[in-house]
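Notes follow the structure.
In this note's numbering, the protein residues as written are 7 to 94.
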């Protein structure tokens, strides 16, 4: 799992590559999202086009970031979802 963060004006675009299946890699991705929120980023788009597999552990990490960002008045959007990731 790898994470790349780019900025497009006030939006952080987080590109993820690999499998979001819980475990240490997914925790690191979640930590990267939480760090963006702590820094004051309020608009995050996650590019999922490079994610080949997603399970409940990965979905839980995404939901935790979504809920935290929403409490802070922000928005989180998913883009580039694949048929495999949309099933969840």
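Glycine included, C-beta positions come from ideal geometry on N, C-alpha and C. The model shown is predicted, which means the values in this text are computed figures rather than measured ones.
Taken in chain order, the complete beta strand (DSSP E) segments of 3 or more residues contained in the region 30–93 are 49–60, 81–85. Beta-bridge partners assigned by DSSP to residue 22: 9.
Residue 56 sits away from residue 28, with the two beta carbons spaced by 7 Å or more. A distance below 7 Å separates the beta carbons of residue 75 and residue 43. Contact check for residue 80 and residue 48: beta-carbon distance about 4 Å, within the 8 Å limit, so the pair qualifies. Within the same chain, 51, 52, 53, 54, 55 come within 8 Å of residue 85 by CB-CB distance, once the 5 residues on both sides are set aside.
Distances from the CA of residue 61 to each of 10, 12, 92 were compared; the closest alpha carbon is that of 92.
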